[in-house]
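Residue numbers (this note's numbering): 142 to 1135.
Shown next as structure tokens:
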């Protein structure tokens, strides 16, 4: 079979002559795979997708989970495998190597054979009667072990095995054992550990080897990268350096580590291409090979002990001989003497004296291979422990500056080689940290995708009705770039894969209205005619379930190349569906319960009224009640209340707990007991009192009470009504959520009342401050009129100036109010801006006042970047600086300090002056609108309200600090340390207090 796609194009050219395929004259291929969201699984999936698109073939991916998985949460996903059949597919590719971890080979064969008569191609694990595309596991593992022996002289090997019965694992182990035997190295049973492909298995393997068996080894081989990375982390947590102390290799090229993992890269793209090409050949009745092995590629990185080629290839020109160069011993002594004081306060450079000595050993004593391995071990430790690797550039620069003038020509050339190699090694360690943060756990979302999915989360959390939910889902999926899809719910849970009801069908033109026949058989995956006859399609079908409860599935386009996005969508939509369906069930249950309660009360009242007349019919009534007992119990068990009976002596009978009440005691622990035997004394007394009153009066008794279960206190509503001449029926309902809702409602009402009061104050203040200039203007217009009538022209200019001043003040008030109303709308999207640049720009705007008052500005060095709307935040700093200058008073040496203090999740910034200060009773008041503490100072009283509003929409807070006994004031405000975008538009009308 070819590997360049030529055969697939030839197959495609013949499709027009074979119109027997299910959809649009092209074959439709299914892919069964365990998942698509991890690095390995995504690479496998993308290989098949790319091949299908190149071949212009329809593809439907069924990502379930591993067969026989021990994880309960994973089992429901395997329902998808039942949806693949000959009625929706022309052929099937099964990635058997991803499915067979927990099943025997016979079980895997039975799984594949259920899809007959579909043509099937397997990938990785061979299954009899089906052609298989596999990788050469033996050759790949052999090359890694030979590399460790030949290049790194390893002789004592540990091995982390995979699941028993996995054929790929068996081949890798066989290659490992054969290679050791070929080099006369021992295969030590105490150094063989089992695993399950997970990182945790790698960590457990190290614990087994070092703690339980007290074993020693210089190389560790894992059958996959995840276990290799787990072992790497476990060794590093114990202070064992990789590769200086132990070399590690993996298999699969799916994980990153510090240092990067030496591994084997499987040809996932070529495997998908070859599998599809083989399947197309089967569809055309052509003969195909039974088994095709594809070669793997060794990827040599640094976990085995190798240096990158960039480090090894460094050379430098020679230096002219210096006749006065001192002797090596004096060079070593002189450099160390000058070097030690320079590095003693840099924690990352604690090992600098040792490394300097190793450097001189190589230069002067020809002890090659000491300096670079030791440096790599040190910078790896710094990287793993979160230190600043870049400090080692400083260390190398210090060593070079002190040493270079003292070297001979020959020593100079060798030293420059080592220095350049050291710098490349440090750069690589820095790159490791960037490529592989310490909390990495596989495939990741892009920042854009993360933001989009965050929008989806917010939208889903606010939706509690199915119709609204489907509208939100369609909008958010199309925002992600998924233009076509189907979401369907199973018609009956007991027959999951028979019929489905579409709740959402959409394409690039929007929502597709439902057809006459709403239901469709799940074997066709989507409503009739959804698959276009003209276009090639590529879909992924994702199960929707919550724990073990199945809802349905969604069928989406696969135009996004991130499997993690699809898996994240599946989980979040499943949770949202569960919430919506649960709300509907609760509402229906409440309706049913209310009806049942009403009917029950009516029945009890009727029975009580007619009791004397029915004595003679008691035998018949008891018989009817016995016949109805089963129905009544089923009804009582279906409602979300705890129901029980208590007799006149206080003993429990017929105790039926609600689901959440089972955490208190089992039903059999109540039966035959009294409340005081098992419940808190106060609650028991309350229950006994209600029982007595119900029996005495015949009226329903009602009370509420709290009950602590474990660490949680919940609230309950209890009703007691007579159910017989000596028994009382108790109905207890959990009303915790209702209590919480009532509390939230009261809080919201209080907040609304506060906002209304605040709005009244704001309206009054604005009215008062705007009327003041108008009164001034009206008064001086009257003076001006009289002066004109009397001909007193000498006062006209004076009156006009007063009018001009009043209109100017009114214009400033209106401008400031308008600016305050616009604060909620961003001028520009927020971005990262150096805070120091913002300070410089703001100070330029107040430079005139500052120079006039001879104000000195002190700015703390190394200020961070901030994520802000640059123009809006310039207003904040300008107002704070202007405020500080205006209120300097008669300070002889006016000074303003600006700085910052980094906290856990935010950074606090301050603007401090040594002016007249602010008394503590005004600290909160100054941020109110039109508040001016000194009427003699120019201003409108809006500036600080504007500052507070801008800071708050940037998710920050602002406050003021001053000492009544000391001059000066400090304004503090905070901003988040991460990029948190403020809303693009807030209320246009500001409150009275910004």
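Even glycine gets a Cβ: it sits at the ideal position worked out from N, Cα and C.
None of the values given here were measured: they were computed from a predicted structure.
Residues that residue i bridges to, as DSSP identifies them
| i | result |
| --- | --- |
| residue 972 | 1009 |
| residue 842 | 861 |
| residue 649 | Looking at the DSSP assignment, residue 649 forms no beta bridge with any residue, so it has no partner. |
| residue 794 | 786 |
| residue 263 | 235 and 273 |
| residue 334 | 301 |
| residue 687 | 690 |
Opening and closing residue of the alpha helix (DSSP H) in which residue i lies
| i | result |
| --- | --- |
| residue 375 | 366-378 |
| residue 533 | 532-544 |
| residue 788 | Not the alpha helix (DSSP H): residue 788 falls in the beta strand (DSSP E), residues 783-788. |
| residue 222 | Residue 222 -> no alpha helix (DSSP H), and no H or E assigned at all. |
| residue 314 | 308-323 |
| residue 855 | Per DSSP, residue 855 belongs to no alpha helix (DSSP H); it is in the beta strand (DSSP E), 853-865. |
| residue 191 | 180-196 |
| residue 1040 | Run containing residue 1040: none in the alpha helix (DSSP H); it sits in the beta strand (DSSP E), 1036-1043. |
Interface flag, residue i vs chain D, CB-CB below 8 Å
| i | result |
| --- | --- |
| residue 601 | Included in the structure is just one protein chain, with no chain D present. |
Beta-carbon proximity check, residue i vs residue j, cutoff 8 Å
| i | j | result |
| --- | --- | --- |
| residue 860 | residue 872 | yes |
| residue 368 | residue 339 | yes |
| residue 264 | residue 238 | yes |
| residue 444 | residue 494 | no |
| residue 701 | residue 682 | no |
| residue 262 | residue 420 | yes |
| residue 513 | residue 448 | yes |
| residue 987 | residue 1056 | no |
| residue 203 | residue 173 | yes |
| residue 490 | residue 515 | no |
| residue 321 | residue 298 | yes |
| residue 403 | residue 442 | yes |
| residue 827 | residue 844 | yes |
| residue 205 | residue 222 | yes |
| residue 705 | residue 680 | no |
| residue 437 | residue 280 | yes |
| residue 398 | residue 365 | no |
Assigned secondary structure, residue i (DSSP; H/G/I helix, E/B strand, else coil)
| i | result |
| --- | --- |
| residue 282 | helix |
| residue 580 | Bear in mind that a pLDDT of 37 at residue 580, under 50, signals an unreliable position, so the number given afterwards is only what the model happens to contain. Residue 580 falls in the coil class under three-state DSSP. |
| residue 831 | helix |
| residue 999 | strand |
| residue 639 | coil |
| residue 270 | coil |
| residue 396 | coil |
| residue 241 | coil |
| residue 1115 | strand |
| residue 817 | helix |
| residue 406 | strand |
| residue 1121 | coil |
| residue 356 | coil |
| residue 669 | coil |
| residue 494 | helix |
Element boundaries [beta strand (DSSP E), containing residue i]
| i | result |
| --- | --- |
| residue 352 | Element bounds for residue 352: n/a, residue is neither H nor E. |
| residue 1136 | Nothing in the structure corresponds to residue 1136, since the chain is present only between 142 and 1135. |
| residue 1054 | 1047-1054 |
| residue 488 | Taken as a continuous stretch (DSSP letters only), residue 488 belongs to no beta strand (DSSP E), as it is neither H nor E. |
| residue 875 | 868-875 |
| residue 360 | 360-363 |
| residue 1102 | 1099-1102 |
| residue 629 | 626-631 |
Practice problem: Report yes or no: do the segment 180-192 and the segment 709-717 share at least 3 C-beta pairs separated by less than 8 Å? | Solution: Counting C-beta pairs with one atom in each stretch, the segment 180-192 and the segment 709-717 have fewer than three that are closer than 8 Å, which means they do not touch.
Quiz item: Within the chosen definition, does the segment 334-349 reach the segment 368-379 through at least 3 CB pairs nearer than 8 Å?
Solution: Three or more beta-carbon pairs separated by less than 8 Å link the segment 334-349 to the segment 368-379, which places the two stretches in contact.
Quiz prompt | Stretch-stretch touch, CB-based, cutoff 8 Å, three pairs: the segment 682-694 with the segment 716-725 | solution = Yes: at least three Cβ pairs fall under 8 Å.
Self-check item: Inter-stretch contact at 8 Å, needing at least 3 Cβ pairs: the segment 1089-1107 / the segment 1026-1043
Solution: Taking one beta carbon from each stretch, the segment 1089-1107 and the segment 1026-1043 have fewer than 3 pairs nearer than 8 Å; the two do not touch.
Quiz prompt | Segment contact, 8 Å Cβ cut-off, at least three pairs: the segment 1034-1049 with the segment 1060-1071 | solution = These segments do not touch.
Quiz prompt | Touch test, the segment 319-338 against the segment 373-384, Cβ-Cβ under 8 Å, three pairs minimum | solution = No: fewer than three Cβ pairs fall under 8 Å.
Quiz item: Between the segment 529-546 and the segment 466-485, do three or more beta carbon pairs fall short of 8 Å?
Solution: Yes, the segment 529-546 is in contact with the segment 466-485.
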